[in-house]
Structures are given as C-alpha cells and as structure tokens.
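Taking it in order: structure first as structure tokens, then the write-up.
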Amino acid sequence: MQVSSLNEVKIYSLSAGRSLPEWLSDRKKRALQKKDVDIRRRIELIQDFEMPTVSTKIKVSRDGQYIMAVGTYKPRIRCFDTYQLSQKFERCLDSEVVTFEILSDDYSKIVFLQCDRFVEFHSQHGHYYRTRIPKFGRDFSYHYPSCDLYFVGASSEVYRLNLEQGRFLNSLQTDASESNVCDINPIHFLFAMGTAEGKVECWDPRTRNRVGLLDCALSSVTADTEIDGLPSISALKFDGALNMAVGTSTGQVLLYDLRSSNPLIVKDHHYGLPIKSIQFQRQLDLIISADSRIIKMWNKDTGKIFTSMEPEYDINDVCLYPNSGMLMTANEAPKMNIYYIPVLGPAPKWCSFLDNLTEELEENPESTVYDDYKFVTRKDLENLGLAHLIGSSLLRAYMHGFFMDIRLYHKAKMMANPFAYEEYRREKIRQKIEETRAQRVQLKKLPKVNKELALKLIEEEGEEQQLTRKRKQKNLPSLLKDDRFKVMFENPDFQVDEQSEEFRLLNPLVSKISEKRKRKLKILEELEAQEQEEEEEPEGKASDAESSESSDDEKGWVEEVRKQRKLLRQEEKVKRQERFKEDQQTLLKPQFFEIKEGEEFRSFKDSAKKQKLMKKTLGDRLKLEEKLGTLNVSDTTVGSKQATFKLKKSEQQKKQQEAEKQHRQERRTLRRSASHLKSKRGRGRLFH
Numbered sequence: 015m016q017v018s019s020l021n022e023v024k025i026y027s028l029s030a031g032r033s034l035p036e037w038l039s040d041r042k043k044r045a046l047q048k049k050d051v052d053i054r055r056r057i058e059l060i061q062d063f064e065m066p067t068v069s070t071k072i073k074v075s076r077d078g079q080y081i082m083a084v085g086t087y088k089p090r091i092r093c094f095d096t097y098q099l100s101q102k103f104e105r106c107l108d109s110e111v112v113t114f115e116i117l118s119d120d121y122s123k124i125v126f127l128q129c130d131r132f133v134e135f136h137s138q139h140g141h142y143y144r145t146r147i148p149k150f151g152r153d154f155s156y157h158y159p160s161c162d163l164y165f166v167g168a169s170s171e172v173y174r175l176n177l178e179q180g181r182f183l184n185s186l187q188t189d190a191s192e193s194n195v196c197d198i199n200p201i202h203f204l205f206a207m208g209t210a211e212g213k214v215e216c217w218d219p220r221t222r223n224r225v226g227l228l229d230c231a232l233s234s235v236t237a238d239t240e241i242d243g244l245p246s247i248s249a250l251k252f253d254g255a256l257n258m259a260v261g262t263s264t265g266q267v268l269l270y271d272l273r274s275s276n277p278l279i280v281k282d283h284h285y286g287l288p289i290k291s292i293q294f295q296r297q298l299d300l301i302i303s304a305d306s307r308i309i310k311m312w313n314k315d316t317g318k319i320f321t322s323m324e325p326e327y328d329i330n331d332v333c334l335y336p337n338s339g340m341l342m343t344a345n346e347a348p349k350m351n352i353y354y355i356p357v358l359g360p361a362p363k364w365c366s367f368l369d370n371l372t373e374e375l376e377e378n379p380e381s382t383v384y385d386d387y388k389f390v391t392r393k394d395l396e397n398l399g400l401a402h403l404i405g406s407s408l409l410r411a412y413m414h415g416f417f418m419d420i421r422l423y424h425k426a427k428m429m430a431n432p433f434a435y436e437e438y439r440r441e442k443i444r445q446k447i448e449e450t451r452a453q454r455v456q457l458k459k460l461p462k463v464n465k466e467l468a469l470k471l472i473e474e475e476g477e478e479q480q481l482t483r484k485r486k487q488k489n490l491p492s493l494l495k496d497d498r499f500k501v502m503f504e505n506p507d508f509q510v511d512e513q514s515e516e517f518r519l520l521n522p523l524v525s526k527i528s529e530k531r532k533r534k535l536k537i538l539e540e541l542e543a544q545e546q547e548e549e550e551e552p553e554g555k556a557s558d559a560e561s562s563e564s565s566d567d568e569k570g571w572v573e574e575v576r577k578q579r580k581l582l583r584q585e586e587k588v589k590r591q592e593r594f595k596e597d598q599q600t601l602l603k604p605q606f607f608e609i610k611e612g613e614e615f616r617s618f619k620d621s622a623k624k625q626k627l628m629k630k631t632l633g634d635r636l637k638l639e640e641k642l643g644t645l646n647v648s649d650t651t652v653g654s655k656q657a658t659f660k661l662k663k664s665e666q667q668k669k670q671q672e673a674e675k676q677h678r679q680e681r682r683t684l685r686r687s688a689s690h691l692k693s694k695r696g697r698g699r700l701f702h
C-alpha cells in the first residue's frame with residue numbers, strides 16, 4: 015500500500031503493490047506468496063479487480079453492493095460483489111461500450127451504449143434485447159418518471175426511447191450540430207446537454223421545449239487562460255436542484271447556479287486536456303474533477319485546492335463510492351485503482367478494517383514492473399552474453415523483449431561487469447564524505463563573475479530576513495538561486511564595468527561602499543584558501559552605519575556627481591592628447607591603386623561619382639541617363655514601355671573612331687585631288 019500526502023491530506027492507494035504476471039500459474043503465484051514477504055503483505059481489497067487491457071467506465075449500484083466496470087480487449091463487463099470481495103460475473107460483448115447505466119438498485123437491469131450505434135439491454139440472467147439508434151451515440155440519461163432514455167451524439171437531434179412502450183418517441187430538435195454529454199437533474203428532472211459548440215441547452219421533458227441556453231465557451235475564457243480552439247463541453251453534472259458543473263475540452267470547470275447565466279467560479283486544470291469526470295462531495299462541499307492526467311479536489315465556494323492525485327496511467331473515468339472516502343478510477347491499464355482518503359469520510363461497511371490498517375501504514379514506493387522478473391531487450395541479452403538463451407524456458411517472450419528471472423540477471427551482470435561492486439563502494443564512500451561535509455559550517459561561496467554584486471545581494475537578503483522576522487512575513491526568493499539570473503553570475507560577458515561612464519554617473523556613492531565590500535571579499539577569499547571550519551565575520555561597520563553613510567542628503571549627492579564629471583572630462587583630455595601624440599609620431603606611407611584596363615584615371619572625383627552612381631537605384635540611374643540624352647523612354651501602342659539607349663564608349667574605342675575618321679578624310683582629299691588632275695589633262699588635249 016502506498017501513502018501520499020498533499021496539503022496535509024493523506025491518500026492511501028490500495029491498488030499499489032507488487033504486480034505478478036498473468037501468465038504465471040496459480041501454483042507459482044502461491045509459491046511466491048510464501049517466499050516473498052512484500053507479496054504477502056500486499057492488500058488485494060477485491061480479488062482480480064482489473065481488466066485484461068484497459069478499463070473505460072466504472073460505476074457503483076445504488077444499493078452499494080455491486081461495482082461494475084467495462085473495458086477491453088475483448089469488450090466485456092465485469093461485476094464485483096463487495097460483500098464477497100470478489101468477481102460475481104463477467105460478460106463479453108460484441109463491440110466496445112461508450113457508456114452504460116444501471117437502471118435498478120442492483121445489477122438486474124443495465125443499459126449499454128455501444129460504439130456501433132447499438133443499445134443493448136441486460137437483465138439478471140444476461141443479454142435481453144438489442145436495438146439501434148439512427149446516429150452514433152456519445153452519452154445517454156434515464157428519465158425515471160417517464161421511463162425514457164435520452165440519447166445524444168453525432169446529430170442535432172436527441173433520440174428518445176420509451177422503455178414502458180418499447181418504441182422510439184419524437185426526438186428533440188436542437189440548435190447544435192453535435193452533442194457530447196447529457197444529464198438529468200435528480201430533483202426536478204431538468205434535462206441538460208452539452209454541445210460541441212461550447213453551449214449547454216436545458217430542456218423540460220414535460221413540455222419538450224427548451225427552457226434555457228448557457229454559453230460556456232465564452233464564460234470559460236478568462237484573462238489567465240490560454241485556449242487554442244473553441245472549447246466544447248466534455249462533462250456535465252448536477253448537484254441538488256440549483257447547481258450544475260460543466261467541464262470543457264480545454265481543461266476548465268465552470269460551476270453554475272441555474273438562476274444565473276454567469277458562472278459562480280471557473281477552475282482551470284492548467285493541462286489543456288478535456289475534463290473526463292465531475293463528482294460532488296457534499297460533506298466537505300468539494301468538487302472532484304478529473305482529466306486524463308490528474309484528479310483535483312477543490313472547494314466549490316472558494317476554488318481553493320483541497321488535494322490532488324496523479325496516477326501513473328491516463329484516467330478514463332472516476333467513481334466516488336457513496337457516503338465514504340473511497341475513490342475508484344478506470345484508466346489506461348489493466349489494474350483499476352482504488353484510493354482511500356479518510357478525510358472525505360469513513361471506509362465502506364464491507365471494508366471497515368481499512369480504518370485500523372491506515373493507522374499503521376508505512377510509505378512504500380509503487381513498483382511498475384514485475385519485481386521477481388526483469389524485462390530485457392535483445393540488445394541487453396547480447397551485452398550480457400545471454401543471446402543463446404533465446405527460445406529456451408529461461409526467457410519468456412513479451413512484446414519487444416523477454417522476461418527473465420531477476421537472480422539470473424544479477425549473476426550475468428556480475429560476470430559481465432566484475433568491477434561493478436567496487437564502483438558501487440566508491441560511490442557510497444563519496445556520498446558519506448559529502449554528508450559529513452554538509453554537517454560542517456559552510457562558507458559563503460561567491461560566484462566567479464560579479465562577486466561584489468553577489469555580496470551586495472547577500473547583505474540585502476540578511477537585512478530583509480531580519481525585517482521579516484520582526485514583521486513575521488514570508489521570505490522572498492533569492493536572486494542568486496533564481497535560474498532566470500543564473501547566467502549573470504556565470505558568463506563573463508555580464509561582468510559589471512565599474513570604470514564605465516554610465517556606472518560612475520548613476521552610482522556616484524558606490525565607491526565608498528565598494529571599498530568596504532572589497533575588504534570583505536579579501537577576507538572571504540583568505541578564509542576559503544585556508545579552508546577553515548568556522549566562519550569569521552568580516553571586519554567593518556554595522557549595516558546601520560553603512561546605510562546611514564549611504565543615505566546622504568541631496569547636496570552631497572550633487573557634489574559627488576560633479577566630481578565624477580570633472581574626472582571624466584580630465585580623462586577624455588588625457589586620451590585626446592595621447593591620440594594627438596600618436597598621430598604625430600605615425601608616418602604616412604603612399605598607397606597604390608590598380609586601374610582597370612581600358613580606363614584612364616583623371617581624378618578622384620570621377621571615381622567618387624561612379625561609386626555614388628552605383629549606389630543609386632535603377633530608376634534613379636535611368637532618369638539621370640534620360641536627362642543626359644543617352645536614354646529615351648517612350649510608350650508603345652500596346653501599352654508597354656520602349657527604351658532606346660546609346661552605349662558608352664571607352665577611350666580606346668574613341669581613339670580608334672577618331673583615327674578612322676581622319677583616315678576617311680585623307681582618302682577623300684586624295685580622291686578629289688586625283689579627279690581634279692584628270693579633268694585638267696582632258697581639257698589640255700581638247701585645246702591642242
């Protein structure tokens with residue numbers, strides 16, 4: 015049995031203890047019980063209180079004698095008799111059960127809603143009748159005055175099946191696209207259903223009219239909550255005539271008074287998981303809400319947490335045994351958990367011995383594996399050198415590995431690693447030495463970075479602790495232990511530069527206090543070097559004197575600021591003079607630049623112009639070239655732009671063109687002179 019405590023509320027887990035494999039024979043189980051004391055001391059409240067794989071729903075009959083649970087695989091129902099502390103019967107079903115309801119005081123009348131749209135009725139002897147609803151169902155409720163079953167599911171209609179007449183009645187037409195849960199008030203029989211749109215519709219079964227509508231999705235969103243999508247209703251439960259609790263798919267629980275459309279309180283589980291179950295504990299005015307990860311008990315008036323439980327496996331359903339402190343859960347594991355909380359109420363009559371046992375219980379950790387068997391994979395067997403045992407009776411195949419005897423595992427491990435004991439012995443010796451060191455008077459260990467800042471924080475914490483002791487207040491957390499500011503005392507990039515201008519102007523009086531802190535730092539470093547056991551207090555004045563010195567009047571502070579500014583100006587002058595001397599001493603050397611081929615260097619202005627021109631955008635360059643006349647942009651008839659431009663010529667091309675021009679002119683002059691001579695000769699012949 016495992017005992018846990020939260021907020022001084024003890025929770026006893028009756029299902030905790032050593033687990034035995036199912037494939038062990040009864041003879042081996044009895045032999046283990048004789049040999050092992052822990053197995054003998056294990057409390058098995060109800061014999062074989064488990065399912066083959068998973069349990070989905072669990073409920074208690076109205077007379078409190080029978081506990082019924084459904085699960086897989088194969089789909090089945092198991093009924094446990096609390097008077098006999100054992101299983102009464104087990105029935106297998108054709109398909110998985112979505113939910114079920116016990117109509118009678120005992121197990122004689124049960125209704126199952128199955129995942130294939132079938133509704134199955136069982137009597138005391140077994141299966142009685144089976145019918146089908148038009149759409150897939152998700153939940154149903156029984157209306158006792160009219161013997162009607164109300165089914166909600168993947169439809170906007172609520173189907174009504176009358177068990178007295180044995181036929182379907184006219185369905186209720188709702189505004190919702192789908193409905194998830196429903197419930198009927200046990201006092202005034204108001205029918206309420208939770209929709210996928212995050213609304214709750216309330217109907218009067220007598221008039222078959224809707225009498226109310228609650229927008230729970232809008233009310234569940236508060237300033238502190240963070241929601242990814244639209245919250246839908248996942249759980250619904252009435253308490254008395256006026257109270258109703260609603261659970262959403264985003265992990266909020268809303269408590270309503272039916273006379274108001276605003277919730278009395280909104281409780282967030284902070285896991286973002288849909289609420290699976292809601293129960294009311296009237297003796298202490300508690301609400302027990304559960305999602306797949308945690309069960310929370312909180313006060314319905316204030317919302318203050320009473321206690322909480324986090325099982326090892328995901329939760330599917332929660333059932334509170336009436337008028338007692340016993341709580342049962344159906345979860346994603348074969349074993350169904352049973353918890354006993356004495357604060358909620360006494361133990362049930364059929365297990366009254368729990369009150370005597372809980373007084374002498376010791377805390378024992380819950381084991382999640384088989385203690386007499388070790389689960390190993392194929393790789394583990396190869397490392398241990400036992401791969402040749404695969405297929406023998408010493409290994410039992412299970413899932414992706416094997417079960418083997420724990421004694422054989424320890425022997426093989428000792429042979430594979432013979433020095434394991436020596437390593438274990440060294441580790442134990444080291445732990446004992448550390449324990450003895452912790453008992454000594456420890457010195458204040460300062461970080462490597464920002465030692466003065468850390469010492470200042472330690473002094474301030476000491477002063478705050480004295481004030482809080484006088485005022486009887488809670489101590490605030492230390493900055494040195496806070497992970498958010500951890501890097502500031504480890505990374506040298508965060509070292510405070512006390513010689514910087516900003517630090518000296520903002521902290522003009524720090525110099526006096528820093529000298530005293532430096533003295534303390536020196537004393538602490540000497541103590542650490544000597545490794546003394548007793549801590550010596552650093553010399554200096556008391557904190558009151560330091561605070562009186564640091565709290566000077568405003569005039570003194572202004573004078574200190576002026577002094578710091580004068581010192582900064584003098585330092586700047588000295589730096590300027592040093593730079594001027596260095597500039598005079600340095601000799602300027604000529605620098606050479608390479609010019610590209612085909613270009614002539616005229617001046618530095620041309621290169622600067624080119625650089626400026628290259629930095630400009632393409633549009634600016636086009637405008638500039640259009641002004642110079644080298645580019646012409648015009649509109650065409652189609653509506654596009656046409657650009658004509660002239661290529662720039664290099665100096666060599668220009669020289670070549672000039673030479674060609676000159677050559678052409680010379681040839682023209684020669685031709686003219688030759689033609690002129692010919693004409694003169696022809697005229698002379700004519701005259702002769």
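Take the sequence shown: its letters are residues 15 to 702, numbered as in this note's numbering.
Cβ coordinates follow ideal geometry from the N, Cα and C atoms, glycine included.
Bear in mind the structure is a predicted one, so any value in this text is a computation, not a measurement.
Among the options, the one whose alpha carbon lies nearest that of residue i
i, options, result
"D229", "V260, D218, I201 and L204", "V260"
"S27", "M428, K465 and Y354", "Y354"
"Q293", "L227, F517 and D331", "D331"
"V84", "R76, F94, S69 and T96", "S69"
"N184", "E171, D315, D328 and E674", "E171"
"I147", "D130, G140 and F135", "D130"
"P66", "E586, K675 and P348", "P348"
"Y423", "R222, S155 and D386", "D386"
"P245", "S693, A304, H139 and G208", "G208"
"N257", "P277, E474, M340 and I247", "P277"
"S29", "S39, V17 and N21", "V17"
"I124", "V74, F150, A434 and R152", "V74"
"R222", "E346, T236, T316 and L186", "L186"
"L20", "K251, L127, I319 and L636", "I319"
"Q61", "K42, A45 and Y97", "Y97"
"R105", "D119, F135, R76 and D77", "F135"
Residue i and residue j closer than 9 Å at C-beta
i, j, result
"P356", "T372", "yes"
"H157", "P219", "yes"
"E473", "V510", "no"
"S1", "S155", "Nothing can be reported for residue 1, as the shown portion of the chain is limited to 15 through 702."
"L493", "L471", "yes"
"L250", "V195", "yes"
Residue i to residue j span [Cα, whole Å]
i, j, result
"G476", "E504", "23 Å"
"T188", "L409", "60 Å"
"V225", "R181", "26 Å"
"Q598", "K668", "47 Å"
"L400", "S407", "13 Å"
"E309", "E396", "Per the sequence shown, the amino acid found at residue 309 is Ile instead of Glu. In a straight line, the C-alpha of I309 is about 43 Å away from that of E396."
"E110", "E64", "17 Å"
"L300", "D108", "39 Å"
"N176", "S137", "17 Å"
"Y142", "D282", "43 Å"
"A430", "L403", "16 Å"
"N351", "M323", "11 Å"
"E585", "E441", "58 Å"
"S122", "M311", "33 Å"
"Q295", "V214", "23 Å"
"A468", "E573", "28 Å"
"Y435", "M502", "42 Å"
"R174", "S160", "11 Å"
"G643", "S514", "58 Å"
"L99", "R92", "13 Å"
Residues near residue i by beta carbon distance below 6 Å, same chain, minus five either side
i, result
"E551", "Any reading at E551 must be qualified, since the residue scores a pLDDT of 41, below 50, and its modelled position is unreliable; the value itself is stated next. Nothing listed; no residue qualifies."
"A304", "K290, S291, I329 and V332"
Sequence-distant residues of the same chain with beta carbon closer than 7 Å to residue i, five excluded per side
i, result
"D95", "Q79, Y80 and K102"
"S306", "L287, K290, D328 and I329"
Proximity test, residue i beta-carbon vs the ligand PLP heavy atom, cut-off 8 Å
i, result
"I329", "What this structure holds is no ligand at all, so the ligand PLP is not there to describe."
Close Cβ partners of residue i (< 8 Å) along its chain, the five nearest in sequence each way excluded
i, result
"I420", "D385, D386, Y387 and K388"
Residue-level contact to chain D via CB, residue i, 9 Å cutoff
i, result
"A210", "No chain D appears in the structure shown, which is made up of a single protein chain."
Whole-angstrom C-beta distance between residue j and residue i, which should lie under 8 Å
i, j, result
"Y270", "F205", "Y270 to F205, Cβ: 15 Å. No contact."
"T391", "G359", "Going by Cβ atoms, the distance from T391 to G359 rounds to 46 Å, so no, they are not a contact pair."
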